[in-house]
Each structure stands twice: as C-alpha cells, then as structure tokens.
Amino acid sequence: MKRWFVADVLPLERDLERYLARHCRARDDVIDLRQEVYEHAVAAARKGLPLNTRPFVLTVARNLLIDRARRAKVVSFEQMADLDELNLPDLAEADRALTARDELRRAMAGLDQLPPRCREVVRLRRVEGLNIRETAARLGVGHHTVERQLTLGLRALANFMLGGNARIERKPGLAPRRKRTP
Numbered sequence: 001m002k003r004w005f006v007a008d009v010l011p012l013e014r015d016l017e018r019y020l021a022r023h024c025r026a027r028d029d030v031i032d033l034r035q036e037v038y039e040h041a042v043a044a045a046r047k048g049l050p051l052n053t054r055p056f057v058l059t060v061a062r063n064l065l066i067d068r069a070r071r072a073k074v075v076s077f078e079q080m081a082d083l084d085e086l087n088l089p090d091l092a093e094a095d096r097a098l099t100a101r102d103e104l105r106r107a108m109a110g111l112d113q114l115p116p117r118c119r120e121v122v123r124l125r126r127v128e129g130l131n132i133r134e135t136a137a138r139l140g141v142g143h144h145t146v147e148r149q150l151t152l153g154l155r156a157l158a159n160f161m162l163g164g165n166a167r168i169e170r171k172p173g174l175a176p177r178r179k180r181t182p
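According to the UniProt record's numbering, the sequence shown is numbered sequentially starting from 1.
Structure (structure tokens):
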C-alpha cells in the first residue's frame, strides 16, 4: 500500500492541487482537501488497488468537492457552475476502457501460455464463436476432446487472470485418455 501511494499517488500531487485550486477559493482549502483526498484514496485502495491511479484520485477529489458543496449552507452560483463542470462521466468511461484493455491484454497473454491445441480450442469456441461440432471438424478431433480441452483451457485461463501461472492442472476425472490397443 505504501509503495503504491509513493509510486503512483504522490507524483500526481501537482495535478491534484491544480484540479482542486480550480474549484476552491482559498489556498488552505486546497491543502486540506488534498489531505482528505489522500485519506479517502488510501482507505478505498485497501479494498483493492485501482488499475489506473490518476482517474481514481481525481474521481475521489471530485466526490469530495461535491460532498463539501452539499454540506455548505450557502452555495454561490459560481460554485454551482463549477460543480456542473465536475460532472466527468468521460473520466469514468476512460477508466473503464483502460481497465478493459488491460484485462484483454492479460487474457491474450494467458491464452498464449496454453498448449497449442488447448489454445486453438479456446480461441475457436470463445473468440470465433464456433460450436463444439464445428470446432471438432476444423481441428479433426472428437467433440469429447473439444469439450475436455475447453474445460482445461478455461480453467487455466481463469487461473492466469487471477494471478496464477496458467498451467493446466488435470483433476482425476480429466486425465488424458489413452488410445486403446486391440
């Protein structure tokens, strides 16, 4: 947590202060709000570190500015105009897009870790949307093989997405089948 704060949050201090200064009149308010943003950001990050720190910190600042305006007994028209300016749906949308792009890169890296046949089955079934029969026909294997490879591949991919190594771990019921010899 401390490493994240020092490496990712503190370098944003100048941007954060500029952002707060645009919406606060007094310099002391900017400093107080900056500290409050840091406190809220650290508290929220304890539940899970954000993938994109800058939009996260600026969203925390925006929410604190809105809360402060709500608590104020008298709100000037200028402040109301400033609050309208704070409505930043594109910031949240940009954060979601960056997160989705990161997850896609991670999924593609996990897919690359799978054995060739398993990777091809997952790609054909989940990316190209082929059904089991079409996948089996294209690869020249049986539909049971496609089902088994898909199960193993998706399990390994999920493991990779959760920080694992994408190794295929076979359970007793999923041991490789041996060819019968007459």
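Ideal Cβ placement from N, Cα and C applies to all residues, glycine included.
Here the structure is a predicted model, which is why all the values come from computation and not from measurement.
- With a contact defined as Cβ atoms closer than 8 Å, L12 and R34 miss out at about 10 Å.
- Judged by DSSP secondary structure, N131 falls outside any alpha helix (DSSP H); it is assigned neither H nor E.
- Going by beta carbons, L111 and L157 fall inside the 8 Å limit.
- The Cβ-Cβ distance between V37 and V57 falls below 8 Å.
- Short of 8 Å from the beta carbon of L16, and not among the five residues preceding or following it, lie these beta carbons of its own chain, in chain order: R34, V37, V57, L58, A61.
- With respect to the 8 Å criterion, L10 and L51 are not classified as neighbours on the basis of their beta carbons.
- In terms of Cα proximity to C24, the closest of A69, K47, K2 is A69.
- Exposure of E128 is indicated by the presence of fewer than 16 other C-beta atoms within 10 angstroms of its C-beta.
- A direct Cα-Cα distance of roughly 15 Å separates A41 from D67.
- When DSSP states are grouped into helix, strand and coil, N165 belongs to the coil group.
- Just so you know, the alpha carbons of N131 and G48 end up roughly 37 Å apart.
- Collapsing the DSSP output to three states places R105 in a helix.
- Ranking R54, A44, T145 by CA distance to the CA of R117 puts T145 first.
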